[in-house]
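Residues in the sequence shown are numbered from 0 upward in steps of one, following numbering that gives the first Met the number 0. Glycine included, each C-beta is placed from N, C-alpha and C at the ideal position. Quantities reported herein were computed from a predicted structural model and do not represent experimental measurements.
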Amino acid sequence: MRTELVSEPGLAAHPNEDFASVGLPASGQGGSLVVLDGVTPPRTGTGCLHSVPWFTARLGGALTELTVSLPDLPLVEALSRAIARTSAAHAETCDLSHPRTPQATVVLARWSPATVEYLVLSDSALLVEAPGGGVTAVLDDRLARLPRSALATDALVDAGYRNKEGGFFTAAADPAVAARAVTGVLPRGEVRTLAALTDGAARWVETFREGDWTDCLALVRKQGAQALLDRVRDLERADAAGAREFLGRGKAHDDATVVYAEL
């Protein structure tokens with residue numbers, strides 16, 4: 000098995016709000032990956048005393064432990080328990096009902112000798128490669144389907160679309176959101192490779208249109224995850240004026256994470 004994990008902040012002066020892990024049980028049978036993209040808070044506050052990196056470290060740590068130590072626990076239940084555990088850690092000090100309470104997108108995958116399970120919530124991506132080379136992108140595209148007018152301001156998004164029916168969902172304080180995730184189970188023999196990307200890394204495909212998902216996975220396999228991030232940064236610098244105004248380019252440089260696993 001080959002695994003690779005690369006994560007870097009959008010700006011060196013700011014903390015990385017992403018979280019990533021790969022868990023390999025001592026039995027040597029199977030494993031799991033966790034990728035979170037913390038949602039950058041607005042300047043108006045979140046009702047919480049804690050930072051987004053605090054939240055993603057708590058939630059990601061819980062997910063890593065649960066997906067490895069309880070291999071029969073469905074991923075939806077693992078996410079629900081991890082959110083509940085994280086919420087309990089600051090419920091007495093923070094207003095968890097605030098629409099911008101710390102939150103994150105989620106990608107989970109877990110493999111055993113028999114199956115590969117996956118879960119995607121919000122706008123990070125999971126690439127699944129079959130033995131024949133075909134690549135399927137598992138996406139939760141609810142945010143991308145919203146009209147640009149719905150995303151004009153933070154206030155408009157928070158009031159009408161964030162963690163609401165007809166909008167999009169993230170892992171915040173409500174464990175029930177786990178049931179909103181895109182999930183599935185595949186036979187292990189149908190999966191050769193997995194790659195999880197936060198939207199900062201997925202810009203290579205979704206924003207700059209340098210290739211499709213198959214091209215993206217091929218780049219990571221041949222040149223490594225760092226090569227993908229380096230190319231994204233080069234493209235961002237070349238487009239410093241923001242001429243390419245695609246959904247998701249709210250920042251000149253975003254935190255970017257890639258986890259790659261050859262099964």
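Distance between residue j and residue i (C-alpha atoms, nearest Å)
i: Leu246; j: Leu262; result: Unreliable placement is indicated for Leu246, whose pLDDT of 40 sits below 50; the coordinate value is still reported in the next sentence. Answer to the nearest angstrom: the Cα atoms are 32 Å apart.
i: Ser68; j: Trp53; result: 22 Å
i: Val231; j: Arg202; result: 7 Å
i: Asn15; j: Asp139; result: 23 Å
i: Leu72; j: Arg80; result: 10 Å
i: Ala83; j: Gly22; result: 21 Å
i: Ala177; j: Leu107; result: 12 Å
i: Leu196; j: Ala113; result: 24 Å
i: Ala151; j: Ala56; result: 30 Å
i: His49; j: Val184; result: 35 Å
i: Leu142; j: Arg161; result: 9 Å
i: Glu116; j: Trp212; result: 20 Å
i: Leu218; j: Leu126; result: 13 Å
i: Val19; j: Gly165; result: According to the sequence provided, residue 19 is Ala. The question's Val does not apply to it. Their Cα atoms are separated by approximately 29 Å.
i: Gly223; j: Thr169; result: 29 Å
i: Glu205; j: Gly27; result: 35 Å
Below-8 Å beta-carbon distance, residue i vs any chain C residue
i: Ala103; result: Among the protein chains of the structure shown there is no chain C, as only one such chain exists.
Best match in the options for proximity to residue i [C-alpha to C-alpha]
i: Pro174; options: Asp153, Thr63, Ala87; result: Ala87
i: Asp238; options: Thr197, Ala251, Leu48; result: Ala251
i: Pro130; options: Val190, Pro112, Tyr259; result: Val190
i: Leu145; options: Thr100, Gly132, Lys163; result: Lys163
i: Asp94; options: Ala200, Gly132, Val127, Gly44; result: Gly44
i: Ala194; options: Leu65, Thr206, Arg187, Ala136; result: Ala136
i: Gly267; options: Glu64, Thr206, Thr192; result: Since the displayed the chain opens at 0 and closes at 262, residue 267 lies outside it and no answer follows.
i: Ala25; options: Gln225, Glu64, Thr182; result: Glu64
i: Pro40; options: Ala11, Ala171, Leu228, Ala224; result: Ala171
i: Gly9; options: Gln28, Gly29, Gly37; result: Gly37
i: Asp153; options: Val51, Arg99, Leu58, Gly59; result: Arg99
Exposure label - residue i; buried when at least 16 CB within 10 Å
i: His89; result: buried
i: Arg1; result: exposed
i: Ala260; result: buried
i: Gln102; result: buried
i: Leu263; result: A question about residue 263 goes unanswered here, because the residues of the chain that appear run from 0 up to 262.
i: Asp17; result: buried
i: Ser31; result: buried
i: Ala255; result: buried
i: Pro186; result: exposed
i: Gly159; result: exposed
i: Arg42; result: exposed
i: Gly188; result: exposed
i: Leu155; result: exposed
i: Glu7; result: buried
The beta strand (DSSP E) enclosing residue i, as first and last residue numbers
i: Gly37; result: 30-37
i: Asp17; result: 17-22
i: Pro6; result: Residue 6 is actually Ser in this sequence, not Pro. 1-7 is the span of the beta strand (DSSP E), which, as asked, contains Ser6.
i: Leu185; result: 181-186
Those residues which DSSP pairs with residue i across a bridge
i: Glu261; result: Arg1, Thr192
i: Ala128; result: Going by the sequence as given, residue 128 is Glu instead of Ala. In the DSSP output, where bridge partners are listed per residue, Glu128 has Val134, Thr192.
i: Arg109; result: Ser31, Glu116
i: Thr104; result: Asp36
i: Phe168; result: Phe168 is not bridged to any residue.
Residue range of the unbroken alpha helix (DSSP H) whose run includes residue i
i: Glu235; result: 224-237
i: Arg323; result: Because residue 323 is not part of the residues shown, which for the chain are 0 to 262, the question remains open.
i: Ala11; result: Segment: none, Ala11 is in no alpha helix (DSSP H) and carries neither H nor E.
i: Ala61; result: 51-68
i: Ala154; result: 153-159
i: Ala143; result: 141-144
i: Asp198; result: 198-205
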